[in-house]
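What follows is a short report on a single structure.
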Amino acid sequence: SQELEQSPQSLIVQEGKNLTINCTSSKTLYGLYWYKQKYGEGLIFLMMLQKGGEEKSHEKITAKLDEKKQQSSLHITASQPSHAGIYLCGADSGGSNYKLTFGKGTLLTVNP
Amino acid sequence: GAVVSQHPSRVICKSGTSVKIECRSLDFQATTMFWYRQFPKQSLMLMATSNEGSKATYEQGVEKDKFLINHASLTLSTLTVTSAHPEDSSFYICSALRGGAGNEQFFGPGTRLTVL
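This is the structure:
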């Protein structure tokens, strides 16, 4: 089965600082999804990456998938308190069932 | 983005009772929905894949008689926790698969189940 390792497990940054969260897979990724979750709430879709070397940006968040399609990073520029939450990466194994396997998440705290 | 709702958002029940949780895709049809379970400070664990018009597919270790899934329409899947026990207390989240180029999964807001 596919396993996803996220690092760091938690992160505390000062408002305005940049940060990076990593997601590493034990197998080649067919699709990699990034979600944000507030504790006790549902997941908010951020981005999906499928191609090796792909990079997508939305507002101040940029996600990349490496050429080998086994590692992805999520970068936040000039962080704000609104960025605080749990960031989860999810992997699509590529089967026709579209099942996602999730990493354990990274808890981000942004101090004003 | 697409909207998925869950009802109820919170439920407290006595041990031995059954609880039904609904998952609805509000602005798209979903032939496939997924049910996840999340323990505090842990990631989401896929419980089962719900397919409209057919039986659900359960992940290894998930009791199908304990967690009954019904996907009777293209916009509604239900999860019934039968004869609930305190160890079933958890956060249950559903997602709906929207077909097309991206095959994106959109998640509901979750249901907090507490079994006394």
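First to last, the sequence lines map onto chains U and W. Residues 602 to 713 (our numbering) make up the first sequence, in order. Residues 192 to 307 (our numbering) make up the second sequence, in order. Quick reminder that beta carbons are idealized off the backbone N, C-alpha and C, glycines included.
From residue i to residue j, what does the alpha carbon distance come to, in whole angstroms?
i                : j                : result
Ser280 (chain W) : Ser241 (chain W) : 21 Å
Gln671 (chain U) : Thr629 (chain U) : 5 Å
Asp256 (chain W) : Ser196 (chain W) : 25 Å
Arg215 (chain W) : Glu604 (chain U) : 29 Å
Gly706 (chain U) : Glu243 (chain W) : 30 Å
Arg201 (chain W) : Glu668 (chain U) : 43 Å
Thr710 (chain U) : Ala679 (chain U) : 13 Å
Ser245 (chain W) : Pro231 (chain W) : 32 Å
Ser716 (chain U) : Asn623 (chain U) : The requested residue 716 (chain U) is not part of the displayed model; chain U covers only 602 to 713.
Tyr249 (chain W) : Lys637 (chain U) : 26 Å
Gln651 (chain U) : Pro277 (chain W) : 40 Å
Arg289 (chain W) : Leu217 (chain W) : 11 Å
Gln607 (chain U) : Glu295 (chain W) : 21 Å
Lys657 (chain U) : Lys618 (chain U) : 20 Å
Leu270 (chain W) : Phe258 (chain W) : 6 Å
Phe298 (chain W) : Ala685 (chain U) : 19 Å
Ile260 (chain W) : Asn712 (chain U) : 42 Å
Ile613 (chain U) : Gln681 (chain U) : 12 Å
Leu689 (chain U) : Gly641 (chain U) : 14 Å
Gly653 (chain U) : Ala221 (chain W) : 28 Å
Leu666 (chain U) : Ala287 (chain W) : 24 Å
Ala268 (chain W) : Phe282 (chain W) : Reading off the sequence, residue 268 (chain W) comes out as Ser, not Ala. Cα to Cα, Ser268 (chain W) sits roughly 17 Å from Phe282 (chain W).
Gln233 (chain W) : Val253 (chain W) : 17 Å
Tyr631 (chain U) : Thr625 (chain U) : 13 Å
Glu616 (chain U) : Ser627 (chain U) : 33 Å
Ile203 (chain W) : Pro609 (chain U) : 34 Å
Tyr699 (chain U) : Phe646 (chain U) : 15 Å
Arg228 (chain W) : Glu655 (chain U) : 30 Å
Round the Cβ separation of residue i and residue j to the nearest angstrom and send it over; I've been treating them as touching at under 8 Å.
i                : j                : result
Ala247 (chain W) : His262 (chain W) : 7 Å
Thr302 (chain W) : Pro199 (chain W) : 6 Å
Gly691 (chain U) : Leu701 (chain U) : 4 Å
Leu620 (chain U) : Ile677 (chain U) : 5 Å
Phe219 (chain W) : Cys285 (chain W) : Going by Cβ atoms, the distance from Phe219 (chain W) to Cys285 (chain W) rounds to 14 Å, so no, they are not a contact pair.
Under DSSP, the beta strand (DSSP E) around residue i begins and ends at which residues?
i                : result
Ala692 (chain U) : Gly686 to Asp693
Tyr699 (chain U) : Element bounds for Tyr699 (chain U): n/a, residue is neither H nor E.
His676 (chain U) : Gln672 to Ile677
Gln607 (chain U) : Leu605 to Ser608
Leu267 (chain W) : Leu267 to Val272
Val202 (chain W) : Arg201 to Cys204
Lys246 (chain W) : Unbroken run through Lys246 (chain W): none, as it is neither H nor E.
Leu304 (chain W) : Thr302 to Val306
Gly632 (chain U) : Gly632 to Gln638
Ala263 (chain W) : Phe258 to Ser264
Glu616 (chain U) : Counting along the chain, Glu616 (chain U) falls outside any beta strand (DSSP E), and DSSP gives it neither H nor E.
Ser626 (chain U) : Leu620 to Ser626
Gln296 (chain W) : Glu295 to Phe298
Gln233 (chain W) : Unbroken run through Gln233 (chain W): none, as it is neither H nor E.
Lys211 (chain W) : Val210 to Ser216
Phe225 (chain W) : Thr223 to Gln229
Gln197 (chain W) : Val195 to His198
Going along chain C in order, which residues have a C-beta closer than 8 Å to the C-beta of residue i?
i                : result
Thr273 (chain W) : The chain inventory of the structure shown lacks chain C, comprising the protein chains U and W.
- Query: Would the region 655 to 667 of chain U and the region 208 to 215 of chain W be scored as touching if the rule is three or more Cβ pairs under 8 Å?
  - Reply: Pairwise C-beta distances place the region 655 to 667 of chain U out of contact with the region 208 to 215 of chain W, as fewer than three of them are shorter than 8 Å.
- Task: Below 8 Å between beta carbons is the criterion; list the residues of the region 275 to 300 of chain W that meet it against any residue of chain U, in chain order.
- Result: Answer in chain order: Phe282, Ile284, Ser286, Leu288, Gly293, Asn294, Glu295, Gln296, Phe297, Phe298, Gly299 and Pro300.
- Query: Any residues in the region 616 to 646 of chain U with a beta carbon nearer than 9 Å to a beta carbon of chain W? Which ones, in chain order?
  - Reply: Flagged, chain order: Gly632, Tyr634, Tyr636, Gln638, Tyr640, Gly641, Glu642, Gly643, Leu644, Ile645 and Phe646.
- Item | Near-chain U residues of the region 232 to 247 of chain W - C-beta to any C-beta below 7 Å | Gln233, Ser234, Leu235, Leu237 and Thr240: these are the residues of the region 232 to 247 of chain W whose beta carbon lies less than 7 Å from some beta carbon of chain U, given in chain order.
- Item | Members of the region 195 to 227 of chain W that neighbour chain U once the beta carbon cut-off is set at 9 Å | Here the close residues are Val195, Gln197, Thr223, Phe225 and Tyr227.
- Query: If you measure beta-carbon to beta-carbon, which residues of the region 678 to 710 of chain U are closer than 7 Å to chain W?
  - Reply: The region 678 to 710 of chain U vs chain W, Cβ under 7 Å: Leu689, Asn698, Tyr699, Lys700, Leu701, Phe703, Gly704, Lys705 and Gly706.
- Determine which residues of the region 645 to 666 of chain U have a Cβ less than 7 Å from any Cβ of chain W, and write them out in chain order. Taking 7 Å as the Cβ-Cβ cut-off, the region 645 to 666 of chain U approaches chain W at Phe646 and Met649, given in chain order.
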